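**Q**
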Amino acid sequence: MAWLQDSWDRLMQRMTGGRLPHALLVTGEHGVGKRLFANALAGLLVCERPDMDGGSPCGSCKQCELVAAGTHPDIRIYTPEKSRMIRIDQIRALSSFAVGSPQVAARKVAIIDRADQLNINSANALLKTLEEPADDVTLVLLQESGRPVLPTIRSRCQSLLIGTPGREQAAQWLVAAVKDLDDDSRPTPEQCEKALGLAANAPRLAFEYVTGDFITVRDEALENFRRFMKGQLSVGEAARPFKAMGLESALWLFEGWAGDLARIAAGGQPRDGEAAEMLTFLANHNPAWRAHELLDAIHESRSAGVYNVNPELEAGRLLIAWQKLMPVRRQTAG
Ligand SMILES: [Zn+2]
Numbered sequence: 018m019a020w021l022q023d024s025w026d027r028l029m030q031r032m033t034g035g036r037l038p039h040a041l042l043v044t045g046e047h048g049v050g051k052r053l054f055a056n057a058l059a060g061l062l063v064c065e066r067p068d069m070d071g072g073s074p075c076g077s078c079k080q081c082e083l084v085a086a087g088t089h090p091d092i093r094i095y096t097p098e099k100s101r102m103i104r105i106d107q108i109r110a111l112s113s114f115a116v117g118s119p120q121v122a123a124r125k126v127a128i129i130d131r132a133d134q135l136n137i138n139s140a141n142a143l144l145k146t147l148e149e150p151a152d153d154v155t156l157v158l159l160q161e162s163g164r165p166v167l168p169t170i171r172s173r174c175q176s177l178l179i180g181t182p183g184r185e186q187a188a189q190w191l192v193a194a195v196k197d198l199d200d201d202s203r204p205t206p207e208q209c210e211k212a213l214g215l216a217a218n219a220p221r222l223a224f225e226y227v228t229g230d231f232i233t234v235r236d237e238a239l240e241n242f243r244r245f246m247k248g249q250l251s252v253g254e255a256a257r258p259f260k261a262m263g264l265e266s267a268l269w270l271f272e273g274w275a276g277d278l279a280r281i282a283a284g285g286q287p288r289d290g291e292a293a294e295m296l297t298f299l300a301n302h303n304p305a306w307r308a309h310e311l312l313d314a315i316h317e318s319r320s321a322g323v324y325n326v327n328p329e330l331e332a333g334r335l336l337i338a339w340q341k342l343m344p345v346r347r348q349t350a351g
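Throughout, my numbering is defined as the position within the sequence shown, counted from one, plus 17.
(1) Measure the C-alpha to C-alpha separation of G191 and W339 and round it to an integer number of angstroms.
(2) Grab me the residues of G69's own chain with a C-beta within less than 6 Å of its C-beta, minus the 5 sequence neighbours each way, in chain order.
(3) For L41, report the span of its beta strand (DSSP E) as first-last.
(4) Is it the case that the Cβ atoms of H316 and P150 are separated by a distance below 7 Å?
(5) Which value, in whole angstroms, describes the spacing of the CA atoms of W4 and N218?
(6) Would you identify the three-state DSSP class for G351, choosing helix, strand or coil?
(7) Taking the C-alpha atoms as reference points, what is the distance between S73 and L53?
(8) Quick test of your reading: A187 and L215, contact by CB under 8 Å. State the CB separation rounded to the nearest angstrom.
(9) Please find out if some non-hydrogen atom of ligand 1 comes closer than 6 Å to the beta-carbon of Q17.
(10) Determine the DSSP secondary structure at K125, reduced to helix, strand or coil.
(11) What residues match up with Y95 in a beta bridge as DSSP calls it?
(12) Quick check on DSSP: helix, strand or coil for I179?
(13) Looking at R173 and L147, is the spacing between their C-beta atoms short of 7 Å?
(14) Locate the alpha helix (DSSP H) running through Q186, then write down its first and last residues.
(15) Using only alpha-carbon positions, find the residue among S113, A275 and T233 that is nearest to E310.
(16) Quick one: using the 10 Å Cβ neighbour count with 16 as the cut-off for buried, is Q22 buried or exposed?
(17) Report yes if the C-beta of P38 is less than 6 Å from at least one heavy atom of ligand 1; otherwise report no.
(18) E291 by DSSP, collapsed to three states: which one?
(19) On the DSSP bridge assignment, give the partners of Q160 in chain order.
(20) Output the distance between the C-alpha atoms of A122 and I170, rounded to the nearest integer angstrom.
(21) Within a Cβ cutoff of 6 Å, which residues of the same chain sit near F245, ignoring the five residues on either side of it in sequence?
(22) In angstroms, rounded to a whole number, what distance separates the CA positions of E207 and S118?
(23) Taking the C-alpha atoms as reference points, what is the distance between W269 and D130?
(24) So A292 packs on L159, CB below 8 Å; how close in whole Å?
(25) May I have the straight-line CA-CA distance separating E225 from F231, to the nearest angstrom?
(26) Would you call the CB atoms of E46 and S162 closer than 7 Å?
(27) Would you decide whether K260 is buried or exposed? Buried here means 16 or more other CB atoms lie within 10 Å of its CB.
(28) Ignoring anything shorter than 4 residues or poking outside the stretch 249–321, list the alpha helix (DSSP H) runs there in chain order.
(29) Name the DSSP beta bridge partners of T155, please?
(30) Please state the DSSP three-state secondary structure of S118.
(31) Is the beta carbon of A127 closer than 7 Å to that of R93?
(32) Among L250, L144 and D153, which residue has its Cα nearest to the Cα of L3?
(33) Around the Cβ of S24, are there at least 16 other Cβ atoms within 10 angstroms (buried) or fewer (exposed)?
(34) Give every residue of the same chain whose Cβ lies closer than 7 Å to the Cβ of L239, excluding the five residues on either side of it in the sequence, and list them in chain order.
(35) In terms of residues, what are the limits of the alpha helix (DSSP H) holding N136?
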């Protein structure tokens, strides 16, 4: 993954300079490959004979074998579960892992995917580990761009940004990645191109899109969105595909469209070509601040999502907020 190389090289420079932090905060867009990056770093950190100049693990020691099998006991990953939040008992487990002795390697690595999904209690519990880190543990925190991490957490980590590749580089990777798929499940170049557009060039996300049913559900969601705006569907019917894709993806879609609305209003190019016609119509009939109002409403839903809102109701709420942008048909006065 060539676009990860820059960030990797910067990190290797810090490490060879003896400045490996005990806690690293890796930030990047959704689906850009943060988790792969963290896994690679963990593999390097536990390897017995790493090639630090090349920035790669030896690939043959016992540690590397365990990493390859995905069963290394000194690498732990903490990720939000159904609640979409990292729970305090997960952080407690992390804390005892951090102070315990490594089982087979010289050091332990704890990955928090994602640090922007820690609630206040979990974050407070994590602070103690960040403030008094054991010498033999490295914490790798992953953060999605645009999703806040509490300043108390951020200030105790070294930051590293992973940039999003351009279209050409992302497409090169995606085409190579889908080559190994079976004939009947391999996406067409057109589908790859569409997925990259929807994923704003985040390659891992585009891969998820072309190998899952997201694009089908998303097409249905867009069609329902259009028909709802024209008053042809009830809000309940319109919200159905948004519910099917889950709150996170639904908010991601709405956010993309609201972002496009703001871009069009500012004279820029929309990212989602298929929604462009409708969004241009809305942009022509509304002041630019309406797009930002929508973005605010979406961010509100996202923070509410933390407390387990009903995805269908939330999608309905946002659809209604969008519908307010439709020009009112004037009734002839009686
Ligand atoms: Zn090794």
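The C-beta atom is built at its ideal place from N, Cα and C for all residues, glycine as well. Remember, predicted model here, so these are calculated numbers, not experimental data.
**A** Judging by the given coordinates:
(1) Residue identity check: residue 191 is Leu in the sequence provided, not Gly. Cα to Cα, the separation comes out at about 33 Å.
(2) Note that residue 69 corresponds to Met in the displayed sequence, not to Gly. Only T33 meet the Cβ criterion.
(3) Secondary structure note for L41: its beta strand (DSSP E) is the uninterrupted segment A40 to G45.
(4) no
(5) Any question about residue 4 goes unanswered here, given that the chain covers just 18 to 351.
(6) Per-residue confidence for G351 stands at a pLDDT of 40, beneath the threshold of 50, marking its modelled position as unreliable; no derived number is given.
(7) 14 Å
(8) A187 to L215, Cβ: 12 Å. No contact.
(9) In the structure displayed, the chain extends from 18 to 351; residue 17 sits before or after that span and is not available.
(10) strand
(11) In the DSSP assignment, Y95 forms a beta bridge with I129.
(12) Looking at I179 - three-state DSSP - the assignment turns out to be coil, as it is neither helix nor strand.
(13) yes
(14) R184 to K196
(15) A275
(16) exposed
(17) No, Cβ of P38 sits at least 6 Å from all heavy atoms of ligand 1.
(18) coil
(19) T44
(20) Taking the straight line from one Cα to the other gives about 27 Å.
(21) Sequence-distant partners of F245 (beyond 5 residues in either direction) whose C-beta falls short of 6 Å from its own C-beta, in its chain, are A255 and L336.
(22) 51 Å
(23) Straight-line Cα distance between these residues: approximately 18 Å.
(24) Actually they do not touch by this definition, with Cβ atoms about 29 Å apart.
(25) 8 Å
(26) yes
(27) buried
(28) Scanning the stretch 249–321 for uninterrupted alpha helix (DSSP H) segments of 4 residues or longer gives 252–262, 264–282 and 293–301, listed from N- to C-terminal end.
(29) V126
(30) coil
(31) yes
(32) The structure shown has nothing for residue 3, since the chain only spans 18 to 351.
(33) buried
(34) Annotation for L239: E291 and A292 place their beta carbon closer than 7 Å to its own, counting only its chain and skipping 5 residues before and after.
(35) No alpha helix (DSSP H) holds N136; DSSP gives it neither H nor E.
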